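What follows is a short report on a single structure.
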Amino acid sequence: MAGNGKGEEVYVASIDQGTTSTRFIIYDRHASPVASHQLEFKQHYPEAGWVEHDPMEIIESVKVCMAKTLEKAAANGLNVDAGLKAIGITNQRETTVVWSKSTGLPLYNAIVWMDVRTSSICRRLESELSGGRTHFVETCGLPLSTYFSALKLLWLMENVDAVKDAVRAGDALFGTIDTWLIWNLTGGIGGKDRDGKELVGQHVTDCSNAARTMLMNLKALDWDKPTLEALGIPAGILPKIISNSEKIGVVASGFPLAGVSISGCLGDQHAAMLGQLCQKGEAKSTYGTGAFILLNTGEEVTQSTHGLLSTIAYKLGPDAPTNYALEGSIAIAGAAVQWLRDSLGIISSASEIEGLAESVQDSGGIYFVPAFNGLFAPWWRDDARGICIGITRFTNKGHIARAVLESMCFQVNDVLNSMHKDAGESGEVKSAEGEFLLRVDGGATINNLLMQIQADLLGSPVVRPADIETTALGAAYAAGLAAGVWTKEEIFAGLHKENTTVFRPKLDDAHRKKRGDSWYKAVSRSFDLADLSL
Numbered sequence: 049m050a051g052n053g054k055g056e057e058v059y060v061a062s063i064d065q066g067t068t069s070t071r072f073i074i075y076d077r078h079a080s081p082v083a084s085h086q087l088e089f090k091q092h093y094p095e096a097g098w099v100e101h102d103p104m105e106i107i108e109s110v111k112v113c114m115a116k117t118l119e120k121a122a123a124n125g126l127n128v129d130a131g132l133k134a135i136g137i138t139n140q141r142e143t144t145v146v147w148s149k150s151t152g153l154p155l156y157n158a159i160v161w162m163d164v165r166t167s168s169i170c171r172r173l174e175s176e177l178s179g180g181r182t183h184f185v186e187t188c189g190l191p192l193s194t195y196f197s198a199l200k201l202l203w204l205m206e207n208v209d210a211v212k213d214a215v216r217a218g219d220a221l222f223g224t225i226d227t228w229l230i231w232n233l234t235g236g237i238g239g240k241d242r243d244g245k246e247l248v249g250q251h252v253t254d255c256s257n258a259a260r261t262m263l264m265n266l267k268a269l270d271w272d273k274p275t276l277e278a279l280g281i282p283a284g285i286l287p288k289i290i291s292n293s294e295k296i297g298v299v300a301s302g303f304p305l306a307g308v309s310i311s312g313c314l315g316d317q318h319a320a321m322l323g324q325l326c327q328k329g330e331a332k333s334t335y336g337t338g339a340f341i342l343l344n345t346g347e348e349v350t351q352s353t354h355g356l357l358s359t360i361a362y363k364l365g366p367d368a369p370t371n372y373a374l375e376g377s378i379a380i381a382g383a384a385v386q387w388l389r390d391s392l393g394i395i396s397s398a399s400e401i402e403g404l405a406e407s408v409q410d411s412g413g414i415y416f417v418p419a420f421n422g423l424f425a426p427w428w429r430d431d432a433r434g435i436c437i438g439i440t441r442f443t444n445k446g447h448i449a450r451a452v453l454e455s456m457c458f459q460v461n462d463v464l465n466s467m468h469k470d471a472g473e474s475g476e477v478k479s480a481e482g483e484f485l486l487r488v489d490g491g492a493t494i495n496n497l498l499m500q501i502q503a504d505l506l507g508s509p510v511v512r513p514a515d516i517e518t519t520a521l522g523a524a525y526a527a528g529l530a531a532g533v534w535t536k537e538e539i540f541a542g543l544h545k546e547n548t549t550v551f552r553p554k555l556d557d558a559h560r561k562k563r564g565d566s567w568y569k570a571v572s573r574s575f576d577l578a579d580l581s582l
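To get our numbering, take the position in the sequence shown, counting from 1, and add 48.
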């Protein structure tokens with residue numbers, strides 16, 4: 049891609065703040081990564097089904113990753129300080145923080161997207177609201193679910209005295225992780241720029257993250273007043289909604305790269321969609337802690353009748369058109385591999401699962417449904433729990449490992465089947481050969497067996513780019529676009545369409561159908577098990 053000027057070094061960077069780790073990546077003018085650093089951080093599980101993060105630890109992890117990446121770049125002889133034009137942010141979505149405007153400190157830990165403590169609030173609202181579970185779908189595209197930020201915010205307002213008091217006193221600020229990061233990076237409380245001038249932390253969120261709160265009107269891209277009134281959430285605690293690609297503020301002193309413009313922000317799945325250059329009718333699946341499948345539906349909101357969410361794809365500038373998407377979210381994908389490693393000790397590193405799963409020809413009749421905290425799309429069953437069925441004396445750990453990999457692929461299939469039904473033939477772009485292509489990315493896609501299983505069970509080709517970290521790349525694109533490093537045309541002409549690996553299905557249709565039917569039988573067995581632990 050062209051940069052501005054031939055001689056000077058031009059860089060764009062991304063903060064990628066995920067569910068289990070934070071990373072910072074620096075890209076050159078061709079959007080190729082030149083330096084990065086990644087850091088895992090602590091997961092807190094105070095009760096069964098509860099998941100929290102320490103917001104201060106997240107800020108610290110960002111600082112460390114920025115500093116370490118700069119050290120690595122300098123060691124490679126790169127003068128990033130001089131050439132860095134912009135920073136983009138991408139983040140785990142829905143995870144909810146409330147902090148004090150006056151002290152800048154969190155009033156409680158961040159409640160993570162997969163946390164299910166709000167299920168009783170969901171039940172209560174379902175019975176109180178005239179539209180039940182789908183009461184807000186028309187405006188925000190989302191059903192009532194423990195997944196979305198509004199419910200987590202309500203729980204904090206009802207159960208944490210410090211939050212209650214701060215909301216009453218006008219001292220509370222709400223945000224998803226993007227908002228918390230931007231507020232701190234742009235000065236927070238008492239922040240200063242490089243020249244010692246005072247900065248005020250920017251309290252903003254982008255439209256893709258706002259689309260996951262349940263509080264934003266999808267068409268107006270603004271907080272929906274009737275929704276706020278129905279839920280009793282004061283508008284004053286909410287951040288301002290902006291586009292995915294615009295200048296937001298500059299990094300305050302106290303952080304590395306003070307003075308550099310923050311000019312792009314997207315929720316992780318929307319960033320991956322941009323990183324994969326998905327335009328209308330194109331779909332991608334990101335395999336991380338969970339798995340997330342999005343289909344770009346163009347400039348129209350498509351309402352799902354098959355258990356999917358309507359959401360934003362991206363809006364690349366304040367005056368740019370909004371692209372919408374259908375999304376299917378899967379709570380547990382790579383997290384099931386971590387569970388095999390950390391809780392069962394079947395493997396000692398995530399990369400070992402491929403070899404273990406390849407030690408058997410098939411899963412030996414084992415089906416594993418990783419409904420650890422219920423099931424998301426297209427089922428939406430928070431009463432489901434994890435099961436492993438079909439076990440005999442013949443079963444060994446290779447079969448279980450393979451069944452875990454297959455569970456990821458079966459879940460992605462369920463979502464894609466719903467997408468086909470919702471979008472119809474005309475809503476999907478086919479290849480020259482008339483095939484639907486699934487673009488894939490995320491850490492788990494380095495597993496070739498997983499990708500082959502996905503193609504086999506889907507019956508369509510799976511396309512993996514050379515750079516599988518497309519989430520951070522998408523945030524860099526958005527930031528570079530706002531900073532004038534690249535044009536939209538240059539981004540979508542993309543240097544990242546080459547060097548792809550294509551996995552083609554090898555399984556015949558009859559076997560594919562039989563496996564799918566068995567999976568549905570297994571999923572149905574996972575329902576109505578939440579009370580087993582009582």
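Even glycine gets a Cβ: it sits at the ideal position worked out from N, Cα and C.
Every value quoted in this text rests on a predicted model; they were computed, and no experiment measured them.
Bounds of any beta strand (DSSP E) do not take in D557; it lies within the alpha helix (DSSP H) bounded by D557 to R573.
DSSP, read as helix, strand or coil, puts R171 in helix.
E108 is positioned such that its CB atom lies no closer than 8 angstroms to that of K90. Closest in alpha carbon position to G315, among V298, Q324, K332 and N292, is N292.
Under the 8 angstroms Cβ criterion, the region 293-306 does not count as touching the region 424-435, having fewer than three qualifying pairs. Three or more beta-carbon pairs separated by less than 8 angstroms are not found between the region 364-371 and the region 382-402, which leaves the two stretches without contact. Distances from the CA of S333 to each of K288, L286, Q459 and K245 were compared; the closest alpha carbon is that of Q459. Two segments are said to touch when three or more pairs of C-beta atoms, one from each, lie closer than 8 angstroms; by this definition the region 246-255 touches the region 293-300. With respect to N421, A379 sits close: the two C-beta atoms are nearer than 8 angstroms. In the DSSP annotation of this structure, the continuous segment of the alpha helix (DSSP H) that includes G522 starts and ends at T518 to A530.
Contact fails between the region 62-81 and the region 390-402, because fewer than three Cβ pairs, one in each stretch, are under 8 angstroms apart. About 6 angstroms separates the CB atoms of L229 and Q65; that is less than 8 angstroms, so the two are in contact. For H85, the three-state secondary structure derived from DSSP is strand. Note on geometry: alpha-carbon atoms of L269 and R441 lie some 56 angstroms from one another.
Looking at the backbone, the Cα of V99 and that of F340 are separated by about 19 angstroms.
DSSP places I378 within a strand segment (E or B) once states are collapsed to three.
Collapsing the DSSP output to three states places I74 in a strand. Within 10 angstroms of the beta-carbon of P513 lie 16 or more other beta-carbons, which makes it buried. DSSP lists no beta-bridge partner residue for P513. In its chain, beyond the 5 residues on either side, S148, K149 and S150 have a beta carbon closer than 7 angstroms to the beta carbon of D219.
For D64, the uninterrupted beta strand (DSSP E) segment begins and ends at Y59 to Q65.
Within the DSSP secondary-structure output, G136 pairs in a beta bridge with S62 and G312. Spanning the alpha carbons of W203 and R573 requires a straight line of approximately 30 angstroms. Around the CB of G136, 16 or more other CB atoms lie within 10 Å, so the residue is classed as buried.
With a beta-carbon spacing of about 5 angstroms, V208 and Y156 fall inside the 8 angstroms limit used to define contacts.
Counting every other CB atom within 10 Å of its CB across the protein chains shown gives S256 a total of 16 or more, marking it as buried.
Excluding sequence positions up to five before and after A283, its CB lies within less than 8 angstroms of the CB of W271, K273 and L276, all in the same chain and listed in chain order.
A straight-line Cα-Cα distance of about 40 angstroms links Y568 and I539. Counting along the chain, the unbroken beta strand (DSSP E) around I435 starts and ends at I435 to I437.
F458 carries a helical assignment under DSSP once its states are collapsed to helix, strand and coil. Considering only E517, G393, G336 and P103, the residue with the shortest C-alpha distance to C457 is G336. DSSP places G346 inside the beta strand (DSSP E), whose first and last residues are A339 to G346. If you look at V299, you'll find it isn't in any alpha helix (DSSP H); DSSP assigns it neither H nor E. For the pair T345 and A373, the CB atoms are nearer than the 8 angstroms cut-off. Apart from sequence neighbours up to five positions away, the residues of its chain that approach A210 with a beta-carbon distance below 6 angstroms are L155, ordered along the chain. When only Cα atoms are considered, L221 and G236 end up about 11 angstroms apart.
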